[in-house]
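With my numbering applied, the sequence shown closes on residue 671, and no number is skipped along the way. For each residue, glycine too, the CB sits at the ideal point set by N, CA and C. Quick caveat, the model's predicted, so the values are computed rather than measured.
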Amino acid sequence: MKVVVVGGGPAGLITGLRLIEKGISPLVIERRGDMSSTACAEGCDAASLGEIPFDSSPYVSKYIEGTRFFFPKGYSFSSSRKGVVLDRSRWLRGMAKEFVERGGEIKNARVTAVYENEIVLGNGERVNYDILIGADGPFSLVSKYLGNKQEVLLAVQYKIECDTSDMNLMELYFDRRFSSHYSWVFPKSGMVNAGLAGDFSQLDDFVDFLGIEGKIIKKEAGAIPVSGIANKVAEGKIALIGDAASMTNPLSGGGLTPIIHASSILAANIDNLKNYEREVKKHQLASPALVKAKNLLMKLTNRELEEMGRMVDGRTFEEMRFSDILGMMRHPLLIPKMFTLGRGLVITMKWGW
319 MKVVVVGGGP AGLITGLRLI EKGISPLVIE RRGDMSSTAC AEGCDAASLG
369 EIPFDSSPYV SKYIEGTRFF FPKGYSFSSS RKGVVLDRSR WLRGMAKEFV
419 ERGGEIKNAR VTAVYENEIV LGNGERVNYD ILIGADGPFS LVSKYLGNKQ
469 EVLLAVQYKI ECDTSDMNLM ELYFDRRFSS HYSWVFPKSG MVNAGLAGDF
519 SQLDDFVDFL GIEGKIIKKE AGAIPVSGIA NKVAEGKIAL IGDAASMTNP
569 LSGGGLTPII HASSILAANI DNLKNYEREV KKHQLASPAL VKAKNLLMKL
619 TNRELEEMGR MVDGRTFEEM RFSDILGMMR HPLLIPKMFT LGRGLVITMK
669 WGW
């Protein structure tokens, strides 16, 4: 079976490693010759990362003890789910090296056209396939061939040099002064990733608000799919995974954890792609509850966010009980909104941010 994977990012390489475990050595086609990372906050929960058939530990920049969620007026709650912040570019290059050493092939080329039995590369070369996997990101050519459309958010990020020796939590900020979705600070070794869904002027305001001082090493921008899983995840000989399938958790914006779980399902069903589609759409990370929670989150005002923050202030996610929070509510109209967000957050925290 000739399996061709378009895209050598996390979705393509993790899927490729899974397939090698099944005795299939795929061809990965990646347009970036250096396997460099695109814009990404680089965080992942530790449990999910451990499921990849690759030792990621040499590429961990910082081990994280949990996450703190901030609201207007300084209200916050936390979660103790452990995670990591990766050096993603090194991690990708390490995976690519191991993928090749274990029998996979990587070809540096750009795919310009997709057909039923073959793809066309930028130099005019035609490559046939038995199975084609589209792992080519949020503006996927393979997904477009299947007729999918998706909603994306623009996200921007600075990598800023600073002392992170006393930082062991990922920080998420829900404040309309900066973003209609949320903003983040993820500590790494000797730097932080500070970003948000929005533009660079909003990010400047956010960084000023936090008082982060240090040299900006890199400015990044990228698109985050937030429309929920694609209508067509597989058709005929073609399957999609990762951002190409809009698998990103629309509530959190996290894409790596869905890839890890979906790649396992895809490898197990490589000879039955329709079953792959059925199984991946049944997964909790494809739940419509996440889209519903995201849509609600983006409509909340700072006044509503402040009230929600007041009700959960000082608590941990693991100890929260919805019934306890209801008793503190001064605004009954927030009850269904809290319930919607809570459902999305429970799924997110169970399966990884």
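Where residue i falls, given that 16 or more other Cβ within 10 Å makes a residue buried
i: Q468; result: buried
i: K380; result: buried
i: E423; result: exposed
i: T666; result: buried
i: R336; result: buried
i: Q602; result: exposed
i: I370; result: buried
i: S581; result: buried
C-alpha distance - residue i paired with residue j, whole-angstrom precision
i: R408; j: Y377; result: 6 Å
i: I342; j: V321; result: 8 Å
i: S461; j: D352; result: 24 Å
i: T430; j: I556; result: 16 Å
i: V346; j: V323; result: 5 Å
i: L464; j: A562; result: 11 Å
i: N435; j: R621; result: 54 Å
i: E636; j: G334; result: 35 Å
i: A453; j: H649; result: 45 Å
i: G627; j: V418; result: 48 Å
i: N441; j: R350; result: 15 Å
i: K537; j: P328; result: 21 Å
i: S398; j: E443; result: 50 Å
i: A586; j: R386; result: 36 Å
i: L439; j: L450; result: 14 Å
i: E531; j: D373; result: 34 Å
i: C358; j: P568; result: 15 Å
i: G384; j: G401; result: 7 Å
i: I577; j: N466; result: 18 Å
i: L652; j: T566; result: 27 Å
i: L614; j: G662; result: 11 Å
i: S501; j: Y476; result: 12 Å
i: E348; j: S458; result: 12 Å
Residues sharing a beta bridge with residue i, DSSP
i: P543; result: V470
i: V402; result: C362, Y381
i: V321; result: I449
i: I534; result: I478
i: G513; result: Q475, W502
Below-8 Å beta-carbon distance, residue i vs any chain B residue
i: G326; result: Protein chains in the displayed structure number just one, and chain B is not present.
Any 3 or more C-beta pairs closer than 8 Å across the stretch 538 to 558 and the stretch 594 to 610: yes
Complete runs of the beta strand (DSSP E) confined to the stretch 421 to 509 [at least 3 residues]: Listed in chain order, they are 423 to 426, 429 to 432, 436 to 439, 444 to 446, 449 to 452, 470 to 479, 487 to 491, 501 to 506.
contact_flag[the stretch 584 to 598, the stretch 489 to 509] where n(CB pairs < 8 Å) is 3 or more: no
Segments assigned beta strand (DSSP E), at least 3 residues, entirely inside the stretch 602 to 646: Residue ranges of uninterrupted beta strand (DSSP E) with 3 or more members are absent from the stretch 602 to 646; none lies entirely inside it.
Whole beta strand (DSSP E) elements within the stretch 573 to 599, 3-residue minimum: none
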